[in-house]
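To start, the structure under review is shown below, and the notes come after it.
Residue numbers (this note's numbering): 5 to 137.
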């Protein structure tokens, strides 16, 4: 049975810039992961429902709008409510260092800021989601 890591890539909020999310999605796909891209302007509820329906192991949020301090806590709350606490959440975008630390304290596994290497993101996900044979 082919076991691949399933990743939901989402663009929450009103941010309309999705080039980076598409680059990440392609890099993850090229690395052998199954990627579900939700598209632009997703609400936290839409993202968590998609994660539940698609049975993903990872949610990758791309946020450039500065709304990470309101969107991410809501997503983390919804994941707890839906008993999806085993889903690894990563965030990428323009996130100040202090905010990145706060997001990690909420349960975000990693925050990738501008300039993060694609290989580093792929490696982080592979380490965070070990597949069983």
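Yeah, the Cβ is synthetic: ideal placement off N, Cα and C, and Gly gets one too.
Span separating the alpha-carbon of residue i from that of residue j
i	j	result
residue 40	residue 103	27 angstroms
residue 89	residue 106	18 angstroms
residue 109	residue 120	21 angstroms
residue 29	residue 66	11 angstroms
residue 2	residue 69	Look at the range of the chain in this structure, 5 to 137, and you will see that residue 2 is not part of it.
residue 78	residue 53	13 angstroms
residue 72	residue 38	25 angstroms
residue 101	residue 84	25 angstroms
Enclosing beta strand (DSSP E) for residue i [first to last residue]
i	result
residue 14	10–14
Contact set for residue i: own chain, Cβ-Cβ below 7 angstroms, skip 5 residues either direction
i	result
residue 1	Because the chain is modelled from 5 through 137, residue 1 falls outside the range shown and cannot be assessed.
residue 127	none
residue 118	98
residue 82	48, 49, 52
residue 56	86, 88
residue 63	12, 14, 51, 55, 91, 93
Residues of its chain near residue i, where Cβ-Cβ distance is below 6 angstroms and the 5 sequence neighbours each way are ignored
i	result
residue 135	7
residue 111	80
residue 32	11, 39
Residue range of the alpha helix (DSSP H) that includes residue i
i	result
residue 133	Element bounds for residue 133: n/a, residue is neither H nor E.
residue 34	23–34
Reference residue i, options the options, closest by Cα
i	options	result
residue 46	15, 125, 75, 20	15
residue 21	96, 101, 82	96
residue 10	100, 84, 59	59
residue 122	43, 13, 35	35
| request: Starting from the N-terminal side, write out each stretch of the beta strand (DSSP E) that is 3 residues or longer and does not extend beyond the region 53–119. | output: 62–67, 92–97, 114–116
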